[in-house]
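There are 2 protein chains.
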Amino acid sequence: VVQLLVRLTAPPDRVGELVRALRVVMLPAQMERGCTSTQISADVERPEALCYREEWRTERDIDRQIRSDRFARLLGLMETASEPPILEFRFVSATRGLDYVAALRGRSDGADEKS
Amino acid sequence: VVQLLVRLTAPPDRVGELVRALRVVMLPAQMERGCTSTQISADVERPEALCYREEWRTERDIDRQIRSDRFARLLGLMETASEPPILEFRFVSATRGLDYVAALRGRSDGADEKS
């Protein structure tokens, strides 16, 4: 799994506008093969601090996206941010769930085994 | 880097209450050695869909946290969610920034090299 994370802070009066523009970038990604999730979120303390996320199955999947026009638009939106934006790719080598918690804590804490 | 991600949906009238409870769990983490970031965010489409995140430098750092009382409280909060919550640990093997974009797209698209 490869995560794309963009942190960008909107000028306070333009949060809605930036969210709409990010959505235009995000929606076509959801149709692409290899895209496992997308999300636009905001820090609960600072609603103008937005996080844009995409997750892709493989490095090859995301490499193709980076070359797309859609991605150029995302880079353009980063330039409208009111603070220096951050863009990161994270290569995830392993994922674990509640089983990992159970292994470390034992199973006596009442945590449901949902994963 | 190890990420902890908890997705939990608050009952609509209890979003503020859950955010405050998550903050109580989060703040002590920020004092711990090995904690590189924490965040509580909400989906911009669904403000009741909360994401709680912690990032730790090493597996050992997070293992200690999982055994803590603080973590037991987080597990307890998951049980108050109005939809089945998701808890995931993600082991990040590599991180890249705008240099990766530049390598794939060439440097002609005007993206600043900030990373």
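Line order of the protein sequences matches chains A and B.
Quick note, the working numbering runs 8 ahead of the 1-based positions in the first sequence.
Quick note, the working numbering runs 8 ahead of the 1-based positions in the second sequence.
Ideal placement from N, C-alpha and C gives every residue a C-beta, glycine not left out.
Predicted, not measured: the structure shown is a model, and the values here were computed from it.
With 16 other Cβ atoms within 10 Å as the buried cut-off, status of residue i
i                        : result
glycine 24 of chain A    : exposed
aspartate 21 of chain B  : exposed
methionine 39 of chain B : exposed
leucine 82 of chain B    : buried
Within chain B, partners of residue i - CB distance below 7 Å
i                      : result
alanine 102 of chain A : Phe99
leucine 112 of chain A : Asp71, Ile74 and Arg75
valine 27 of chain A   : Val52
cysteine 59 of chain A : Ser49
Cα-Cα separation between residue i and residue j, rounded to whole angstroms
i                           : j                        : result
alanine 37 of chain A       : cysteine 43 of chain A   : 7 Å
proline 92 of chain B       : glycine 84 of chain B    : 13 Å
threonine 103 of chain A    : serine 49 of chain B     : 21 Å
threonine 46 of chain B     : valine 33 of chain B     : 10 Å
valine 109 of chain A       : methionine 86 of chain B : 13 Å
aspartate 117 of chain A    : arginine 78 of chain B   : A caution first: aspartate 117 of chain A carries a pLDDT of 49, below 50, which makes its placement in the model unreliable, though a value can still be read off. The alpha-carbon atoms of aspartate 117 of chain A and arginine 78 of chain B are separated by roughly 13 Å.
phenylalanine 99 of chain A : leucine 26 of chain B    : 31 Å
glutamate 67 of chain B     : glycine 105 of chain A   : 14 Å
isoleucine 94 of chain A    : arginine 15 of chain A   : 5 Å
arginine 54 of chain A      : proline 19 of chain A    : 11 Å
alanine 80 of chain B       : glycine 114 of chain A   : 12 Å
leucine 35 of chain B       : glutamine 73 of chain A  : 36 Å
valine 52 of chain B        : serine 101 of chain A    : 28 Å
glutamate 63 of chain A     : cysteine 59 of chain B   : 15 Å
glutamine 11 of chain A     : glutamine 11 of chain B  : 12 Å
Chain-order list of residues whose beta-carbon lies under 8 Å from that of residue i (same chain, five-residue window excluded)
i                      : result
arginine 41 of chain B : Asp69
arginine 28 of chain B : none
Other residues of its chain near residue i: CB distance less than 6 Å, five sequence neighbours each side excluded
i                     : result
leucine 13 of chain A : Arg61 and Glu96
serine 90 of chain A  : Thr17 and Pro19
Whole-angstrom C-beta distance between residue j and residue i, which should lie under 8 Å
i                       : j                      : result
threonine 88 of chain B : alanine 57 of chain B  : Contact flag wrong, Cβ pair sits at about 14 Å.
arginine 75 of chain B  : valine 9 of chain B    : At roughly 20 Å, the Cβ-Cβ gap does not stay under 8 Å, so arginine 75 of chain B and valine 9 of chain B are not in contact.
aspartate 71 of chain B : leucine 112 of chain A : 6 Å
Contacts that residue i makes with chain A (C-beta to C-beta distance below 8 Å)
i                     : result
valine 109 of chain B : Ile74, Phe79, Leu83 and Leu95
9 Å Cβ cut-off: residues of chain A touching residue i
i                      : result
glycine 105 of chain B : Ile94, Leu95, Glu96 and Phe97
Interface residues of chain A facing residue i [CB-CB closer than 7 Å]
i                     : result
alanine 50 of chain B : Ser49, Ala50 and Val52
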